[in-house]
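Numbering (the numbering used here), first residue to last: 4 to 301.
Note that the Cβ used here is the ideal one computed from N, Cα and C, for glycine as well.
All figures in this text were calculated on a predicted structure; none of them were measured in a lab.
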């Protein structure tokens, strides 16, 4: 049985994203595999894993928005900005709830500039930032634009605050919490993090590793989301006489009103993603990515 699709996996605490990919690789007995959106080892939640031909759409998945449930603990600053780092400073907690509600207005539904943490996998001069950090070296990092679509305080308890954050690719929740703490005259670290949603992938539909290990071949096949179902583009069907032409990636002009990017089908078979561009003679179809694979190609 040929496996091609995306599996929504729940990443447990204590595993790297690569650990989870390696486990899924063994379960599906497949070499071609990749994941979208790395989670820190101590974070949990949704980890989309692309299998087979679906590895072509990892970049598309990574462009999707994410939702996190995170907890901030006040009073201590750590070198990693989370609970698993070394304590650097501490101070008396200043817990003014009104102040926190006021401060998050500066982040909620805003584009912000964020400095990536030193303990991160980003590269500087060919070296990971965390490699510099482990040597006690702090290097200059360029601030990056990220989108905070929504920032909601869920509840306060003891010296902790729970947030829901909907954000764009590249957002560091640790850094966000550190900035909020600074703006409220506090020290804080991120004490837990769970990714509850990644685009169309939701935590309530995620498969645990233990469950996948007990699946038979048919169950493994049925657990995969089809490649075409991940794309949120409109569908266009062309006559089956154009099947070979389009599936081979050849350009063709059609008398059609629509233009833009679409999911392209022929004879009710998904071929790939294509763009219709206006020309004098009609709309030129240019295939962006072809996913159709005939049995003879195996």
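Do you know whose CA, among the options, lies nearest residue i's CA?
{"i": "residue 106", "options": "81, 154, 250, 268", "result": "154"}
{"i": "residue 40", "options": "49, 34, 32", "result": "49"}
{"i": "residue 182", "options": "75, 10, 142, 260", "result": "75"}
{"i": "residue 100", "options": "160, 167, 202, 110", "result": "160"}
{"i": "residue 145", "options": "156, 138, 132, 157", "result": "132"}
{"i": "residue 93", "options": "12, 214, 172, 192", "result": "192"}
{"i": "residue 261", "options": "245, 268, 254, 278", "result": "278"}
{"i": "residue 253", "options": "221, 291, 225", "result": "291"}
{"i": "residue 70", "options": "139, 17, 98, 172", "result": "172"}
{"i": "residue 112", "options": "232, 167, 123, 215", "result": "167"}
{"i": "residue 85", "options": "43, 240, 23, 149", "result": "43"}
{"i": "residue 241", "options": "222, 231, 270", "result": "270"}
{"i": "residue 139", "options": "122, 149, 129", "result": "122"}
{"i": "residue 62", "options": "91, 149, 124, 234", "result": "234"}
{"i": "residue 148", "options": "21, 217, 114", "result": "114"}
{"i": "residue 152", "options": "120, 190, 108", "result": "108"}
From the DSSP output, read off the bridge partner residues of residue i.
{"i": "residue 92", "result": "80"}
{"i": "residue 292", "result": "276"}
{"i": "residue 50", "result": "12"}
{"i": "residue 287", "result": "256, 280"}
{"i": "residue 109", "result": "In DSSP, residue 109 forms no bridge with anything."}
{"i": "residue 75", "result": "164, 193"}
If you follow the alpha helix (DSSP H) that residue i is in, where does it begin and where does it stop?
{"i": "residue 250", "result": "246 to 250"}
{"i": "residue 103", "result": "100 to 106"}
{"i": "residue 64", "result": "61 to 65"}
{"i": "residue 264", "result": "Run containing residue 264: none in the alpha helix (DSSP H); it sits in the beta strand (DSSP E), 263 to 269."}
{"i": "residue 233", "result": "230 to 233"}
{"i": "residue 122", "result": "Unbroken run through residue 122: none, as it is neither H nor E."}
{"i": "residue 136", "result": "132 to 137"}
{"i": "residue 223", "result": "220 to 225"}
Tell me the residue span of the beta strand (DSSP E) that contains residue i.
{"i": "residue 32", "result": "Here residue 32 belongs to no beta strand (DSSP E), and DSSP marks it neither H nor E."}
{"i": "residue 191", "result": "191 to 201"}
{"i": "residue 167", "result": "163 to 170"}
{"i": "residue 149", "result": "147 to 160"}
{"i": "residue 179", "result": "Careful: residue 179 lies outside any beta strand (DSSP E), inside the alpha helix (DSSP H) at 176 to 186."}
{"i": "residue 216", "result": "Residue 216 -> not in any beta strand (DSSP E); alpha helix (DSSP H) instead, spanning 212 to 216."}
{"i": "residue 240", "result": "238 to 241"}
Using a Cβ-Cβ cut-off of 8 Å (strictly less than) and excluding sequence neighbours within five positions of residue i, which residues of its own chain qualify?
{"i": "residue 295", "result": "250, 272, 273, 274, 275"}
{"i": "residue 54", "result": "6, 7, 8, 9, 10, 27, 31, 33, 35, 36, 227"}
{"i": "residue 256", "result": "282, 284, 285, 286, 287, 288"}
{"i": "residue 301", "result": "Here residue 301 scores only 45 on pLDDT, less than 50, and its place in the model should not be relied on; the value that follows carries that caveat. Once the five neighbours on either side are set aside, the close Cβ partners of residue 301 are 5."}
{"i": "residue 24", "result": "36, 37, 38, 52"}
{"i": "residue 293", "result": "250, 252, 274, 275"}
{"i": "residue 185", "result": "none"}
{"i": "residue 223", "result": "6, 30, 31, 215"}
Which same chain residues, not among the five before or five after residue i, have their C-beta less than 7 Å away from its C-beta?
{"i": "residue 299", "result": "Only weak support is given to the placement of residue 299: the predicted model assigns it a pLDDT of 44, under 50, and the value that follows is read from those uncertain coordinates. Result list for residue 299: empty, nothing under 7 Å."}
{"i": "residue 280", "result": "262, 286, 287, 289"}
{"i": "residue 229", "result": "8"}
{"i": "residue 211", "result": "13"}
{"i": "residue 19", "result": "44"}
{"i": "residue 150", "result": "114, 170, 171"}
Residue i and residue j look like a contact to me (Cβ under 8 Å); what is the Cβ gap, rounded to whole Å?
{"i": "residue 117", "j": "residue 195", "result": "Actually they are not in contact, since the Cβ atoms of residue 117 and residue 195 sit about 20 Å apart, beyond 8 Å."}
{"i": "residue 78", "j": "residue 96", "result": "5 Å"}
{"i": "residue 201", "j": "residue 67", "result": "6 Å"}
{"i": "residue 231", "j": "residue 205", "result": "No, residue 231 and residue 205 are not in contact; Cβ-Cβ is about 19 Å, not under 8 Å."}
{"i": "residue 46", "j": "residue 165", "result": "Contact doesn't hold; Cβ gap of about 15 Å is too wide."}
{"i": "residue 142", "j": "residue 127", "result": "5 Å"}
{"i": "residue 130", "j": "residue 187", "result": "Actually they are not in contact, since the Cβ atoms of residue 130 and residue 187 sit about 34 Å apart, beyond 8 Å."}
Within 8 Å of any Cβ in chain D, is that where the Cβ of residue i sits?
{"i": "residue 197", "result": "The structure shown contains no chain D; it is built from a single protein chain."}
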